[in-house]
Amino acid sequence: MAMLYSDRVMDHFSNPRNVGELTDANGVGEVGNAKCGDIMKMYIKVDKGVITDVKFKTFGCGAAIATSSMATEMIKGKTIEDALKLTNKAVVEALEGLPPVKIHCSVLAEQAVRAAISDYYTRLGVDPTPIVGEIGDCHACEH
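Each number in this note's numbering corresponds to the 1-based position in the sequence shown with 55 added.
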């Protein structure tokens with residue numbers, strides 16, 4: 056099975072970055088569905104519009120863990136505006152590819168980032184929808 060994954064995916068699966076919870080998070084997002092087997096929870100700490108810390112907890116396959124890890128690396132130290140530009144395609148490219156059946160893991164990683172940012176705005180009393188957009192369901196989970 057490991058032959059289907061790039062060395063970078065295997066590295067982020069075997070040595071995930073930013074695993075855990077942030078007790079002082081000011082944004083938390085959870086996405087996924089137990090039916091598809093992948094659930095991601097992302098915690099962000101934002102200070103003056105910059106994501107100063109980020110952690111994740113993922114229940115799922117190796118690709119789900121790797122995409123969560125890579126997404127946290129890609130948004131840490133970024134402004135909220137830049138973090139919102141993160142796409143699942145960028146996560147896949149940073150991981151040097153994923154098997155087609157695992158692309159939904161990168162979609163969940165993007166959605167987890169958006170869900171955490173959405174929660175951040177909600178806690179500030181700001182409607183997140185015009186800023187973050189709708190966070191849809193995982194299409195893989197619907198089947």
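A virtual CB, placed ideally from N, CA and C, is assigned to each residue, including glycine.
Quantities reported herein were computed from a predicted structural model and do not represent experimental measurements.
Spatial neighbours of lysine 157 in its own chain (CB-CB distance under 6 angstroms, excluding positions within 5 residues in sequence) are listed in chain order as Ala118. As DSSP reads the structure, valine 162 sits in no beta bridge. The DSSP-derived three-state label of glutamate 148 is helix. Excluding the 5 residues flanking it on each side, glutamate 165 has same chain C-beta neighbours closer than 8 angstroms at Ala126, Leu141, Thr142, Asn143, Val146, in chain order. Between valine 187 and serine 173, the CB-CB gap stays under 8 angstroms. Taking isoleucine 106 as reference, the option from Pro71, Met129, Gly92 with the minimal CA-CA separation is Met129.
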